[in-house]
Amino acid sequence: MNQAIAAPFGEGADLISTTQFDRDSVERLFSLADSLRPLGRSEYACDVLGGAVLSSLFFEPSTRTRLSFEAAFSYLGGKVLTTTGFTFSSMAKGESIHDTARVISGYCDVMVMRHPDKGSVKELADASLVPVVNAGDGAGEHPTQALLDVYTLRRELANRNKAVEGSVVAIIGDLRYGRTVHSLIDLMRLYKGVRFRLYSPASLELPAEFFERSDAHRLTVCNSVGEALKGADVVYCTRVQRERITDEQVAASIEKSVLLNRDMVLEHNSKDLIIMHPLPRDSRPGSFDLSDDVDDLPGLSIFHQTDNGLMVRMAIFCTIFGLDAKALKASYTVPKWHSAKPISRPKLHGAVRQAQDW
Amino acid sequence: MNQAIAAPFGEGADLISTTQFDRDSVERLFSLADSLRPLGRSEYACDVLGGAVLSSLFFEPSTRTRLSFEAAFSYLGGKVLTTTGFTFSSMAKGESIHDTARVISGYCDVMVMRHPDKGSVKELADASLVPVVNAGDGAGEHPTQALLDVYTLRRELANRNKAVEGSVVAIIGDLRYGRTVHSLIDLMRLYKGVRFRLYSPASLELPAEFFERSDAHRLTVCNSVGEALKGADVVYCTRVQRERITDEQVAASIEKSVLLNRDMVLEHNSKDLIIMHPLPRDSRPGSFDLSDDVDDLPGLSIFHQTDNGLMVRMAIFCTIFGLDAKALKASYTVPKWHSAKPISRPKLHGAVRQAQDW
Amino acid sequence: MNQAIAAPFGEGADLISTTQFDRDSVERLFSLADSLRPLGRSEYACDVLGGAVLSSLFFEPSTRTRLSFEAAFSYLGGKVLTTTGFTFSSMAKGESIHDTARVISGYCDVMVMRHPDKGSVKELADASLVPVVNAGDGAGEHPTQALLDVYTLRRELANRNKAVEGSVVAIIGDLRYGRTVHSLIDLMRLYKGVRFRLYSPASLELPAEFFERSDAHRLTVCNSVGEALKGADVVYCTRVQRERITDEQVAASIEKSVLLNRDMVLEHNSKDLIIMHPLPRDSRPGSFDLSDDVDDLPGLSIFHQTDNGLMVRMAIFCTIFGLDAKALKASYTVPKWHSAKPISRPKLHGAVRQAQDW
Numbered sequence: 066m067n068q069a070i071a072a073p074f075g076e077g078a079d080l081i082s083t084t085q086f087d088r089d090s091v092e093r094l095f096s097l098a099d100s101l102r103p104l105g106r107s108e109y110a111c112d113v114l115g116g117a118v119l120s121s122l123f124f125e126p127s128t129r130t131r132l133s134f135e136a137a138f139s140y141l142g143g144k145v146l147t148t149t150g151f152t153f154s155s156m157a158k159g160e161s162i163h164d165t166a167r168v169i170s171g172y173c174d175v176m177v178m179r180h181p182d183k184g185s186v187k188e189l190a191d192a193s194l195v196p197v198v199n200a201g202d203g204a205g206e207h208p209t210q211a212l213l214d215v216y217t218l219r220r221e222l223a224n225r226n227k228a229v230e231g232s233v234v235a236i237i238g239d240l241r242y243g244r245t246v247h248s249l250i251d252l253m254r255l256y257k258g259v260r261f262r263l264y265s266p267a268s269l270e271l272p273a274e275f276f277e278r279s280d281a282h283r284l285t286v287c288n289s290v291g292e293a294l295k296g297a298d299v300v301y302c303t304r305v306q307r308e309r310i311t312d313e314q315v316a317a318s319i320e321k322s323v324l325l326n327r328d329m330v331l332e333h334n335s336k337d338l339i340i341m342h343p344l345p346r347d348s349r350p351g352s353f354d355l356s357d358d359v360d361d362l363p364g365l366s367i368f369h370q371t372d373n374g375l376m377v378r379m380a381i382f383c384t385i386f387g388l389d390a391k392a393l394k395a396s397y398t399v400p401k402w403h404s405a406k407p408i409s410r411p412k413l414h415g416a417v418r419q420a421q422d423w
Numbered sequence: 066m067n068q069a070i071a072a073p074f075g076e077g078a079d080l081i082s083t084t085q086f087d088r089d090s091v092e093r094l095f096s097l098a099d100s101l102r103p104l105g106r107s108e109y110a111c112d113v114l115g116g117a118v119l120s121s122l123f124f125e126p127s128t129r130t131r132l133s134f135e136a137a138f139s140y141l142g143g144k145v146l147t148t149t150g151f152t153f154s155s156m157a158k159g160e161s162i163h164d165t166a167r168v169i170s171g172y173c174d175v176m177v178m179r180h181p182d183k184g185s186v187k188e189l190a191d192a193s194l195v196p197v198v199n200a201g202d203g204a205g206e207h208p209t210q211a212l213l214d215v216y217t218l219r220r221e222l223a224n225r226n227k228a229v230e231g232s233v234v235a236i237i238g239d240l241r242y243g244r245t246v247h248s249l250i251d252l253m254r255l256y257k258g259v260r261f262r263l264y265s266p267a268s269l270e271l272p273a274e275f276f277e278r279s280d281a282h283r284l285t286v287c288n289s290v291g292e293a294l295k296g297a298d299v300v301y302c303t304r305v306q307r308e309r310i311t312d313e314q315v316a317a318s319i320e321k322s323v324l325l326n327r328d329m330v331l332e333h334n335s336k337d338l339i340i341m342h343p344l345p346r347d348s349r350p351g352s353f354d355l356s357d358d359v360d361d362l363p364g365l366s367i368f369h370q371t372d373n374g375l376m377v378r379m380a381i382f383c384t385i386f387g388l389d390a391k392a393l394k395a396s397y398t399v400p401k402w403h404s405a406k407p408i409s410r411p412k413l414h415g416a417v418r419q420a421q422d423w
Numbered sequence: 066m067n068q069a070i071a072a073p074f075g076e077g078a079d080l081i082s083t084t085q086f087d088r089d090s091v092e093r094l095f096s097l098a099d100s101l102r103p104l105g106r107s108e109y110a111c112d113v114l115g116g117a118v119l120s121s122l123f124f125e126p127s128t129r130t131r132l133s134f135e136a137a138f139s140y141l142g143g144k145v146l147t148t149t150g151f152t153f154s155s156m157a158k159g160e161s162i163h164d165t166a167r168v169i170s171g172y173c174d175v176m177v178m179r180h181p182d183k184g185s186v187k188e189l190a191d192a193s194l195v196p197v198v199n200a201g202d203g204a205g206e207h208p209t210q211a212l213l214d215v216y217t218l219r220r221e222l223a224n225r226n227k228a229v230e231g232s233v234v235a236i237i238g239d240l241r242y243g244r245t246v247h248s249l250i251d252l253m254r255l256y257k258g259v260r261f262r263l264y265s266p267a268s269l270e271l272p273a274e275f276f277e278r279s280d281a282h283r284l285t286v287c288n289s290v291g292e293a294l295k296g297a298d299v300v301y302c303t304r305v306q307r308e309r310i311t312d313e314q315v316a317a318s319i320e321k322s323v324l325l326n327r328d329m330v331l332e333h334n335s336k337d338l339i340i341m342h343p344l345p346r347d348s349r350p351g352s353f354d355l356s357d358d359v360d361d362l363p364g365l366s367i368f369h370q371t372d373n374g375l376m377v378r379m380a381i382f383c384t385i386f387g388l389d390a391k392a393l394k395a396s397y398t399v400p401k402w403h404s405a406k407p408i409s410r411p412k413l414h415g416a417v418r419q420a421q422d423w
């Protein structure tokens, strides 16, 4: 984490890396996210960020991450300016990232940036007049993904009267290139006594550095998905991109299988297993990923993750702008319109599965 | 219409097909649109959708349709998140439309989607937590276009103290591939005693299925534009794309002519003929389309159609969110700013023709 | 200026050309911009344009100009609809600019357009129901750039107890193709007794027409940057694009040099020299442009230009919508959130250099 130099996360700060959080600040963020759920579910409206402008800069396509950030800012009453594409027209003319950052930061109150180059978001932040949030800097970090993963894991466990401390988390799939997996393991250090059961195809193992750390005892390498699932409270899946598998035999072997499906869950664990995935999942036939046939298991939490991303990103903006739960609640109003979101009222068709989804 | 399975249109419903409307619901929508005109013309402002977020998804370029929907939502006080392009970055990685729909629907209160594949919008709607509006699904439907066409036709006739019932509508141009023509004829079934006079170049006739229906007696095929115009209250034009004409002689014959111009209108009907067109019209020399020389005829209604599209789409959103005219009127406020729209005050130059336009 | 036919700039008017301004109207605009600074710096919020919709049309990439206009409208409480790309899907089908303009203008209250073709913005404006602002029409004009340049120049001089009248402005770089330079010289005619000291590489001189005008006595051609800087209150730089230099010797000579750097400023003028540049500047090694090593000189004003662009564009929208400083001040509110912009409170890190920037 060459970005650990960033200041602790709080009011007026950039969000570059998960290393900006300690146990207290991450718990403060999560309880703020809890208090924001009624906004994200459109039970209430608020304009607490009225007059604030977000500049959303995506130099790499990531529609859902962009929409999640932009929705979070919008539900708080702020206005969003979007830029997508591979570069600024000005950068193409040789403008430095310093000049670009300084100029754009004069047009907004906060920036969210995704960029393929590791470290680029930090570079932008250092020249910006306003706080910058990292929405993914290539091989670097994607801190809000890690935060929403831990928030969801914590929330799903709590719904089952379990704590994160002492929980058992199976992580299966591509552990080598899966950036979200690395951030998850890093951020989970804030919680005591968590154990990870790891399974990956040969050549996609977790990088050696993780086993050289002082807390390597948290990690157990397993020889099969079934073994990894044993005694797990949660399974976190990441899809395997075949093009990344060097060993042809391995590639051939997974050609005919899936990473995880309903039968494997029921055989090696239970229907209540908390199933997570950073999404997107590859639903094409023969993809080595999480199967659609788990979708009606009660433990399926993959859409809770994306829903929670909205709440966590709202909490991040509120923290940056110095808004606490009390100030927020005071600004809540009942919308004049009727939401069709299942939490408020059933949609006229298909309400049942959606209520379960939500 | 393999989409007829959609529920009747109303609060919390998707809008997929014109078949979701009956005479009562379409009239309710139109009177709601009437009451919204002062908003669309910026005589009043309102924030009745304050706190609501629209996700506008255009997988096929259609700038005006997109802007019309986004303006409608904005004039009601809602916030808009826009996505344009050929696909989601996530879909490119094999994500199912179900997963995409479920995820995005967690970030908004309603979705508007345009997609080149017939049926895709319905598929999206079925997995969405929130209502979805069809902005055109390829060879499928473009229901809001049909609704604004009938709304305009009804309104223009009413301005001349005529009813839709018993009116005579000439439809000329490409009747085979012109999707809007098909939807118009379908939706007009809700009005009794309407007669259609049809003219198209050979090989671009209205599909046979229309003549096999119980109400085929409404349809009269004509051998010339002049014949179609005889006794018509309205002429609805659609441009002919030459690449669609198989017969070379026909292609050659229209090469030297226009579909409809001022002289033809005055010779075969009158200057008061209501002239409609879904737009865009091809104004390039030699295009077989509606000529610009009709632009100062008092019956020209092609821009009333696009202006009315804003009102109709506002009415659609209000219906989905359970807002009636009374709730709306209560929320109207006088803007602090001075609109330059001709209805409010003349623009400093060219006010005259614009007032006529409007 | 074949666009001089445009009406004087004011309420309800288009903004096509700087020729629409006289001394009084430009001063009114600038004092309005002064009164809007607290909004642009997020000390206050306002929703004075609540209910108004801007359609932002960029047919040519210009991220910063677009964001500056969109931020200006957003900070006034309006809503923005963005369209970027090379053309409308409808224009590709042969639609005239008249039809496009008329249709889009029914969806908004004002349009901002950038287009590569000279005169195209005027053409759009003439068919629009609502006012249109020129954000650059190729070889034509970019009036808001000229306005923010003069506003900044005037403001920086005032901070040094100097007036624009009688000031000495060095202009160096590409004086032939630099559109902003031409507009600056034109607009400065509104101020008496201004003298320009010009330096450009051979073949990039100011066009002859400028020397044939009645006020050519304002112009002094210099043989070096050093000579141009002598006695100057301000230096305005524009980057030189080598591909535009025909003379190979000249091209070779500038290959090894920069346009202006710290040493040249200190040797030929002083550290307090007001340094301006329309940006972007080319910071790549060997570029013939303004060097980054001037960035800590107290006279550096290049980022004040971009910051001021926000204020000037807010003032333009307020003028178009008939809002004066008094109406605006009455609508100011204290935001519920805490801005991290240095003017309001120091950002948690790097506050010092940023306060100087701002």
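As you go down the protein sequences, you meet chains F, R and S in turn. All residue numbers for the first sequence refer to our numbering, where the first residue is 66 and numbers rise by one. All residue numbers for the second sequence refer to our numbering, where the first residue is 66 and numbers rise by one. All residue numbers for the third sequence refer to our numbering, where the first residue is 66 and numbers rise by one. Note that CB positions come from ideal geometry on N, CA and C, so glycine has one too. Nothing here was measured: the structure is a model prediction, and the numbers come from that model.
To the nearest angstrom, how far is it from the Cα of leucine 269 of chain F to the Cα of aspartate 239 of chain F?
-> Taking the first residue of the first sequence as 1, we reach residue 269 of chain F at position 204. Taking the first residue of the first sequence as 1, we reach residue 239 of chain F at position 174. Approximately 5 Å, taken between the alpha carbons.
What residues match up with aspartate 202 of chain S in a beta bridge as DSSP calls it?
-> Start at 1 with the first residue of the third sequence, and residue 202 of chain S comes out as number 137. Its beta-bridge partners are S/His180.
Looking at the unbroken beta strand (DSSP E) that takes in cysteine 302 of chain S, where does it start and where does it end?
-> Looking up residue 302 of chain S in the third sequence gives position 237. Per DSSP, cysteine 302 of chain S belongs to the beta strand (DSSP E) from 299-303.
Beta carbon of alanine 98 of chain R nearer than 7 Å to that of tryptophan 402 of chain F | Counting from 1 along the second sequence, the entry for residue 98 of chain R is found at position 33. Counting from 1 along the first sequence, the entry for residue 402 of chain F is found at position 337. Tryptophan 402 of chain F is positioned such that its CB atom lies no closer than 7 Å to that of alanine 98 of chain R.
Look at serine 352 of chain R and asparagine 326 of chain R and say whether their C-beta atoms are less than 7 Å apart.
-> If you number the second sequence from 1, residue 352 of chain R lands on position 287. If you number the second sequence from 1, residue 326 of chain R lands on position 261. No. Outside cutoff.
Residues that lysine 144 of chain S contacts on chain R, provided the C-beta gap is smaller than 7 Å = If you number the third sequence from 1, residue 144 of chain S lands on position 79. Identification of chain R residues near lysine 144 of chain S by a Cβ-Cβ cut-off of 7 Å yields Ser139, ordered along the chain.
Closest to alanine 221 of chain S by CA distance: which of S/Arg378, S/Ala392, S/Phe368 is it?
-> Here residue 221 of chain S refers to the residue found at position 156 of the third sequence. According to the sequence displayed, residue 221 of chain S carries glutamate and not alanine. Here the closest residue by C-alpha is S/Phe368.
Buried or exposed by the 16-neighbour rule on C-beta atoms within 10 Å, applied to asparagine 334 of chain S | Your numbering for residue 334 of chain S matches position 269 in the third sequence. Looking at its Cβ environment, which holds 16 or more other Cβ atoms inside 10 Å, asparagine 334 of chain S is buried.
When you compare only the Cα positions, how much space is there between arginine 179 of chain F and arginine 349 of chain R?
-> Taking the first sequence and counting its residues from 1, one reaches residue 179 of chain F at position 114. Taking the second sequence and counting its residues from 1, one reaches residue 349 of chain R at position 284. Taking the straight line joining both Cα atoms gives about 42 Å.
By DSSP, does phenylalanine 123 of chain S sit in helix, in strand, or in coil?
-> Within the third sequence, the letter at position 58 stands for residue 123 of chain S. In this structure, phenylalanine 123 of chain S counts as strand in the three-state DSSP scheme.
Look at the alpha carbon of isoleucine 340 of chain R and the alpha carbon of serine 185 of chain S, and state the distance between them as a whole number of angstroms.
-> Within the second sequence, the letter at position 275 stands for residue 340 of chain R. Within the third sequence, the letter at position 120 stands for residue 185 of chain S. Their Cα atoms are separated by approximately 28 Å.
List, in order along the chain, the chain S residues whose C-beta lies closer than 9 Å to that of tyrosine 397 of chain F?
-> Sequence index remark: in the first sequence, residue 397 of chain F carries index 332 (1-based). Near tyrosine 397 of chain F there are no residues of chain S at all, since even the closest Cβ is about 12 Å away, more than 9 Å.
To the nearest angstrom, report how far apart proline 343 of chain S and aspartate 214 of chain S are at their CA atoms.
-> Here residue 343 of chain S refers to the residue found at position 278 when the third sequence is read from its first residue. Here residue 214 of chain S refers to the residue found at position 149 when the third sequence is read from its first residue. Approximately 8 Å between the Cα atoms of the pair.
Excluding five sequence neighbours on each side, which residues of the same chain lie with their C-beta closer than 7 Å to the C-beta of arginine 346 of chain F?
-> Numbered from 1 along the first sequence, position 281 holds the residue referred to as residue 346 of chain F. Arg304, Asp354, Leu355.
For aspartate 328 of chain F, which of F/Leu362, F/Gly296, F/Glu308, F/Glu313 has the nearest alpha-carbon?
-> What you label residue 328 of chain F is simply residue 263 of the first sequence in a count that begins at 1. Measuring from the Cα of aspartate 328 of chain F, the nearest candidate turns out to be F/Leu362.
Run of the beta strand (DSSP E) containing valine 286 of chain S, from where it starts to where it stops | Taking the first residue of the third sequence as position 1, residue 286 of chain S is located at position 221. 284-286 is the extent of the beta strand (DSSP E) around valine 286 of chain S.
Give, in chain order, every unbroken run of the alpha helix (DSSP H) that is at least 4 residues long and sits entirely within the segment 135-175 of chain F.
-> 154-157, 162-170
Are leucine 132 of chain F and tyrosine 242 of chain R closer than 7 Å when you measure CB to CB?
-> Start at 1 with the first residue of the first sequence, and residue 132 of chain F comes out as number 67. Start at 1 with the first residue of the second sequence, and residue 242 of chain R comes out as number 177. At least 7 Å separates the beta-carbon of leucine 132 of chain F from that of tyrosine 242 of chain R.
Within 10 angstroms of the Cβ of glutamate 230 of chain R, are there 16 or more other Cβ atoms? Answer buried if so, exposed if not.
-> Taking the first residue of the second sequence as position 1, residue 230 of chain R is located at position 165. Exposed, by the Cβ-count rule.
Can valine 198 of chain F and leucine 388 of chain F be called in contact, C-beta distance under 7 Å?
-> Counting from 1 along the first sequence, the entry for residue 198 of chain F is found at position 133. Counting from 1 along the first sequence, the entry for residue 388 of chain F is found at position 323. Taking 7 Å as the Cβ cut-off, valine 198 of chain F and leucine 388 of chain F do not qualify as a contacting pair.
Check the Cβ of serine 120 of chain F against every Cβ in chain S and list those closer than 7 Å, keeping chain order.
-> In the first sequence, the residue the question calls residue 120 of chain F occupies position 55. What serine 120 of chain F touches in chain S: Leu132.
Segment limits, alpha helix (DSSP H) that includes tyrosine 216 of chain S = To locate residue 216 of chain S, count along the third sequence from 1; it is residue 151. Element bounds for tyrosine 216 of chain S: 208-224.
Phenylalanine 276 of chain S by DSSP, collapsed to three states: which one?
-> What you label residue 276 of chain S is simply residue 211 of the third sequence in a count that begins at 1. Residue state, collapsed to three classes: helix.
Select from the segment 371-394 of chain S all residues with a C-beta closer than 8 Å to any C-beta belonging to chain R, and list them in chain order.
-> Ile385, Phe386, Gly387, Leu388, Ala392
Those runs of the beta strand (DSSP E) which lie wholly inside the segment 333-419 of chain F and span at least 3 residues | 339-341
Run through DSSP, which three-state label would leucine 234 of chain R get?
-> By one-based count along the second sequence, residue 234 of chain R stands at place 169. Note that residue 234 of chain R is valine in the sequence shown, not leucine. In the structure shown, valine 234 of chain R sits in a strand (DSSP, three-state: E or B).
Return the CA-CA distance between cysteine 302 of chain S and lysine 406 of chain S, expressed in angstroms with no decimal places.
-> Here the question's residue 302 of chain S lines up with position 237 in the third sequence. Here the question's residue 406 of chain S lines up with position 341 in the third sequence. About 28 Å.
What is the DSSP secondary structure of valine 91 of chain R, counted as helix, strand or coil?
-> Numbered from 1 along the second sequence, position 26 holds the residue referred to as residue 91 of chain R. Helix.
Does the beta carbon of aspartate 182 of chain F come closer than 7 Å to any beta carbon on chain R?
-> Translated into positions along the first sequence, residue 182 of chain F becomes position 117. Closer than 7 Å: no.
Does any C-beta atom of chain R lie closer than 7 Å to the C-beta of histidine 403 of chain F?
-> Residue numbering aside, residue 403 of chain F sits at position 338 when the first sequence is read from its first letter. Chain R contact via Cβ: present.
Find out if the Cβ-Cβ distance for the pair leucine 141 of chain F, valine 177 of chain F is shorter than 7 Å.
-> Here residue 141 of chain F refers to the residue found at position 76 of the first sequence. Here residue 177 of chain F refers to the residue found at position 112 of the first sequence. Not in contact: leucine 141 of chain F and valine 177 of chain F (Cβ atoms no closer than 7 Å).
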